[in-house]
Amino acid sequence: MADVSILRTLPPTPQTNRLSPEDNLGLLTQMLRIRQFEIRAKELFLKGVIKGTAHSSVGQEAIAAGACRALEPEDFLLTHHRGHGHTIAKGADMGRMFAELMGKAEGYCRGVGGSMHIADFDLNILGANGIIGAGMGIGTGAALAAKLRKTGAVGIAFFGDGASNEGIFHEAMNLAAIWKLPLIFFCENNQYGLTTPTETVTAGPGIAARGDAYGIPNLRIDGNTPVAVFDAVEKAALRARAGDGPSLIEAMTYRWDDHSMRANLDSYRTADEEAGWRSEDPIARQRESLGLDDAAFDRLTGDVAAEIEVAVDWASGLGELSPDGVMDMVKSPPPPLSLVEPPSGERAITYKQAINEAFHQEMARDDSVILMGEDVARIGGIFGTTTGLLDAFGPERVRDVPIAEGVLATCGVGAAMQGLRPIIEIQLFDFVTLMMDAIVNQAAKARFMLGGKTRVPIVFRGPQGAGIRLAAQHTQSLEMFFANVPGLEIYAPSNAYDAKGLMATAIRSDNPVVFLEHKLMYLSAEQAVPEEPYTIAPGRARIVRQGSDATLVASLAMVDRAVQAAQRLAKKGISVEVIDPRTIKPLDMETIVTSVRKTNRAVVVHEAPLFGGIGGEIAASIMEQAFDWLDAPVARVGAPEMPVPYNDNLERAYMPDARDIAAAIETVCYRS
Numbered sequence: 001m002a003d004v005s006i007l008r009t010l011p012p013t014p015q016t017n018r019l020s021p022e023d024n025l026g027l028l029t030q031m032l033r034i035r036q037f038e039i040r041a042k043e044l045f046l047k048g049v050i051k052g053t054a055h056s057s058v059g060q061e062a063i064a065a066g067a068c069r070a071l072e073p074e075d076f077l078l079t080h081h082r083g084h085g086h087t088i089a090k091g092a093d094m095g096r097m098f099a100e101l102m103g104k105a106e107g108y109c110r111g112v113g114g115s116m117h118i119a120d121f122d123l124n125i126l127g128a129n130g131i132i133g134a135g136m137g138i139g140t141g142a143a144l145a146a147k148l149r150k151t152g153a154v155g156i157a158f159f160g161d162g163a164s165n166e167g168i169f170h171e172a173m174n175l176a177a178i179w180k181l182p183l184i185f186f187c188e189n190n191q192y193g194l195t196t197p198t199e200t201v202t203a204g205p206g207i208a209a210r211g212d213a214y215g216i217p218n219l220r221i222d223g224n225t226p227v228a229v230f231d232a233v234e235k236a237a238l239r240a241r242a243g244d245g246p247s248l249i250e251a252m253t254y255r256w257d258d259h260s261m262r263a264n265l266d267s268y269r270t271a272d273e274e275a276g277w278r279s280e281d282p283i284a285r286q287r288e289s290l291g292l293d294d295a296a297f298d299r300l301t302g303d304v305a306a307e308i309e310v311a312v313d314w315a316s317g318l319g320e321l322s323p324d325g326v327m328d329m330v331k332s333p334p335p336p337l338s339l340v341e342p343p344s345g346e347r348a349i350t351y352k353q354a355i356n357e358a359f360h361q362e363m364a365r366d367d368s369v370i371l372m373g374e375d376v377a378r379i380g381g382i383f384g385t386t387t388g389l390l391d392a393f394g395p396e397r398v399r400d401v402p403i404a405e406g407v408l409a410t411c412g413v414g415a416a417m418q419g420l421r422p423i424i425e426i427q428l429f430d431f432v433t434l435m436m437d438a439i440v441n442q443a444a445k446a447r448f449m450l451g452g453k454t455r456v457p458i459v460f461r462g463p464q465g466a467g468i469r470l471a472a473q474h475t476q477s478l479e480m481f482f483a484n485v486p487g488l489e490i491y492a493p494s495n496a497y498d499a500k501g502l503m504a505t506a507i508r509s510d511n512p513v514v515f516l517e518h519k520l521m522y523l524s525a526e527q528a529v530p531e532e533p534y535t536i537a538p539g540r541a542r543i544v545r546q547g548s549d550a551t552l553v554a555s556l557a558m559v560d561r562a563v564q565a566a567q568r569l570a571k572k573g574i575s576v577e578v579i580d581p582r583t584i585k586p587l588d589m590e591t592i593v594t595s596v597r598k599t600n601r602a603v604v605v606h607e608a609p610l611f612g613g614i615g616g617e618i619a620a621s622i623m624e625q626a627f628d629w630l631d632a633p634v635a636r637v638g639a640p641e642m643p644v645p646y647n648d649n650l651e652r653a654y655m656p657d658a659r660d661i662a663a664a665i666e667t668v669c670y671r672s
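Note that UniProt numbering has the sequence shown beginning at 1, numbered continuously upward.
The structure is reproduced here in structure tokens:
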């Protein structure tokens, strides 16, 4: 049971209150504004004006008002699904907030984000978030950007008690402590994660005490007293500005309403418990501290109510965004790229040297490019792709990170949203499963959810694929995990020339890019690659070999095997055209379809298991766009429906080879 008596066990509110009477009145006004906003939003929800859902912060107003009063305009905040109070206290326009909740085009996110994604980058409100705890990871990236750029800004990442049991809580605090990031971790402990009492799922003496494990100063405070909140945040902010790193604050409070406006759950709190906490109403306590009589308080309440009604009336009269305008928010416009690719020349380097050269050139060209990953700095990565970067650009821009993929990826997202261009190494691509929230829910969706107001220029890169006996958890081909996620681009170079040019393109892109490198390519022979920097426009396939009898589409390590198959079949009089898409998303179907209309037959090969692979998407598109030209059904070649085996003979049998590919081509040729 969430006993209200816990408030009397907490440190007393500082007797020396450096806030003026006007400041304290401002705190009360802000708290009233937050409460009236929430009450009015609930009324509009019950009337069907606000749809979907929202999460009320009634009862927790002191935290938002006190914390944001301690911040400077340049300071940033990240909040969560119950974040209306924080954004209002940081100065957000309530009319635009109501408009967003109503799904209107003039809302903060143009009506596509809703309550859980309100952001105002002009006010350094970097966004609410519907994923529990995500703001802590993103906050480390925003704080890193502030530190590297020496802006003097401090950040505050609000999260609930439930988020303290997420892995990102521990990963983010550890990273922030190691790097001494200017970030305040602020836990609003309203004592219930949806319906589960926090005390039943949280080990140890309290959430604040967990900071001790990371050497982070921590404090548990009365979250229903805005002056106590202000004092704690001010001290933490001063510490962060001095370069001493993060702090952890746990504020004890209580939400009066249910988990969300849509929730209609059976009672999980007793009437006595709720009454006890309502008796500690933060607004009543602040009013009492000011000594306001009924008349003065009623005037203040009336003024705030009128302000709220103006905002509601304004929002109610707005229109909605048309479907035509929505797609423009999914991705940032591409940078201008030359469609003329330079000749390869005569200088020859390996695939991994080409990637390394792209890193060196792009980091020299743009000081906003940073690289982070496990073992990327001192030893240059386990495959040697980042060799020499630490010596060339120093530890501020080339960073070894803990083995904590979740915070590595979300830190990168936060840094990208704040103007850096992070390259995030996934040491082995199988580990990307530990980064899925950052890539799929944060990087891919941020621009859209926030109404097209932000860019997320980040590259997630690393080696995938089988062939060097690393067994099932180190050899998967996972490109299709991401192909179905709007907002992402997926690059898949099969040779050194493409690896260098596409890496430069990925780094310069204002959109998140998943960059696939194949381990077998690291072992390939030297190839001709220009020394000068260059880019390759995504969505432009390469015709590797001309042919007239069948079109063969292959990517990554399968390209060389496709060429071998074509050479075998040439001896039998079958002319095969081999196409390397180079990027899976965007996918150059125009080149593929043009080839199929010429050859009248098609085979698609990929290393991943056949079911759900990119071959199915390409085959379906060929059927849609070139059906009348086909003399045989499109054939697909892929791996069997099994994990990659460790045994070398079994691994070779698992991967499609030139014989498998040639057999599929012969089948479509002879069926006609």
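All C-beta atoms, glycine included, are put in the ideal place defined by N, C-alpha and C.
Predicted model only: the values in this text are computed from it and were never measured.
Pull up the DSSP beta-bridge partners for residue 218, would you.
-> DSSP output for residue 218 lists 248 as bridge partner(s).
Going by other Cβ atoms of all chains shown within 10 Å of its Cβ, with 16 needed for buried, is residue 129 buried or exposed?
-> So residue 129 counts as buried.
Those residues which DSSP pairs with residue 491 across a bridge | According to DSSP, which records beta bridges pairwise, residue 491 is partnered with 515 and 583.
Using DSSP bridges, identify the partner residues of residue 189.
-> In the DSSP assignment, the residues bridged to residue 189 are 252.
Whole alpha helix (DSSP H) elements within the stretch 375-446, 4-residue minimum | Correct list: 389-393 and 405-417.
Proximal residues to residue 622 (C-beta, below 6 Å), its chain only, five neighbours per side dropped | Short of 6 Å from the beta carbon of residue 622, and not among the five residues preceding or following it, lie these beta carbons of its own chain, in chain order: 596, 602 and 634.
Can you give me the Cβ contacts of residue 232 inside the same chain, cut-off strictly under 6 Å, excluding the 5 residues immediately before and after it?
-> Once the five neighbours on either side are set aside, the close Cβ partners of residue 232 are 219, 221 and 249.
Rank 261, 38 and 216 by C-alpha distance to the C-alpha of residue 59 and give the top, closest one.
-> The shortest Cα separation from residue 59 among 261, 38 and 216 belongs to 38.
Reducing DSSP to helix, strand and coil, say where residue 196 ends up.
-> In the structure shown, residue 196 sits in a strand (DSSP, three-state: E or B).
From what residue to what residue does the alpha helix (DSSP H) around residue 606 run?
-> Careful: residue 606 lies outside any alpha helix (DSSP H), inside the beta strand (DSSP E) at 602-609.
Any idea if residue 162 is buried or exposed, counting beta-carbon neighbours within 10 angstroms, 16 or more meaning buried?
-> Buried, since its Cβ has 16 or more Cβ neighbours within 10 Å.
The stretch 613-630 contacting the stretch 585-599, beta-carbon criterion three pairs below 8 Å = At 8 Å Cβ cutoff, the stretches touch.
Within the chosen definition, does the stretch 576-591 reach the stretch 544-559 through at least 3 CB pairs nearer than 8 Å?
-> Result yes; three or more Cβ-Cβ pairs closer than 8 Å.
Rounded to whole angstroms, what's the CA-CA distance from residue 436 to residue 131? Just pull it up for me.
-> Distance from the CA atom of residue 436 to the CA atom of residue 131, rounded to whole angstroms, is 12 Å.
Return the first residue and the last residue of the beta strand (DSSP E) that residue 327 is part of.
-> Premise fails: residue 327 is in no beta strand (DSSP E) and is neither H nor E.
In whole angstroms, what separates the C-alpha of residue 107 from that of residue 321?
-> The straight-line gap from Cα to Cα measures roughly 10 Å.
Measuring CB to CB, does residue 41 end up less than 8 Å from residue 123?
-> For residue 41 and residue 123, no; Cβs fall outside 8 Å.
Would you mind working out which of 44, 668 and 638 sits nearest residue 655, comparing C-alpha positions?
-> Here the closest residue by C-alpha is 638.
Three-way DSSP call (helix, strand, coil) for residue 166 in this model = Residue 166 falls in the coil class under three-state DSSP.
Using only alpha-carbon positions, find the residue among 133, 417 and 448 that is nearest to residue 457.
-> Of 133, 417 and 448, the residue nearest in Cα terms is 417.
Taking the DSSP output, what are the residues bridged to residue 370?
-> According to the DSSP secondary-structure assignment, residue 370 is paired through a beta bridge with 422.
Whole-Å CB distance - residue 512 paired with residue 584, under 8 Å assumed | About 14 Å; that fails the 8 Å criterion.
Measure the alpha-carbon distance for residue 469 versus residue 645 and round it to whole angstroms.
-> Approximately 8 Å, taken between the alpha carbons.
Out of curiosity, what's the CA-to-CA distance linking residue 393 and residue 363?
-> Answer to the nearest angstrom: the Cα atoms are 8 Å apart.
N- and C-terminal bounds of the alpha helix (DSSP H) containing residue 618 = Segment 614-626, the alpha helix (DSSP H) holding residue 618.
Of the choices 74, 79 and 2, whose alpha-carbon is the least far from that of residue 192?
-> Out of 74, 79 and 2, 2 has the C-alpha closest to the C-alpha of residue 192.
Express the C-alpha separation of residue 223 and residue 251 in angstroms, rounding to a whole number.
-> Each residue's alpha carbon lies about 4 Å from the other.
What residues are listed by DSSP as bridge partners for residue 460?
-> Per DSSP, 424 and 514.
Could you tell me whether the Cβ atoms of residue 405 and residue 463 are closer together than 8 Å?
-> Going by C-beta atoms, residue 405 is not nearer than 8 Å to residue 463.
Residue 148 to residue 434 span [Cα, whole Å] = The straight-line gap separating the alpha-carbon atoms of residue 148 and residue 434 is approximately 26 Å.
What residues match up with residue 155 in a beta bridge as DSSP calls it?
-> Per DSSP, 76 and 183.
Could you check what DSSP says for residue 498 in three-state terms: helix, strand or coil?
-> Three-state DSSP puts residue 498 in a helix.
Anticipated Cβ contact below 8 Å, residue 159 with residue 80, distance rounded = Between the beta-carbon of residue 159 and that of residue 80 there is about 6 Å, and that keeps the pair under the 8 Å contact cut.
Which value, in whole angstroms, describes the spacing of the CA atoms of residue 452 and residue 647?
-> Spanning the two alpha carbons is a distance of roughly 49 Å.
For residue 472, name the three-state secondary structure that DSSP assigns.
-> Here residue 472 sits in coil by DSSP.
Cβ-based neighbour list, residue 497, same chain, cut-off 6 Å, excluding 5 preceding and 5 following | Same-chain partners within the cutoff: 344 and 529.
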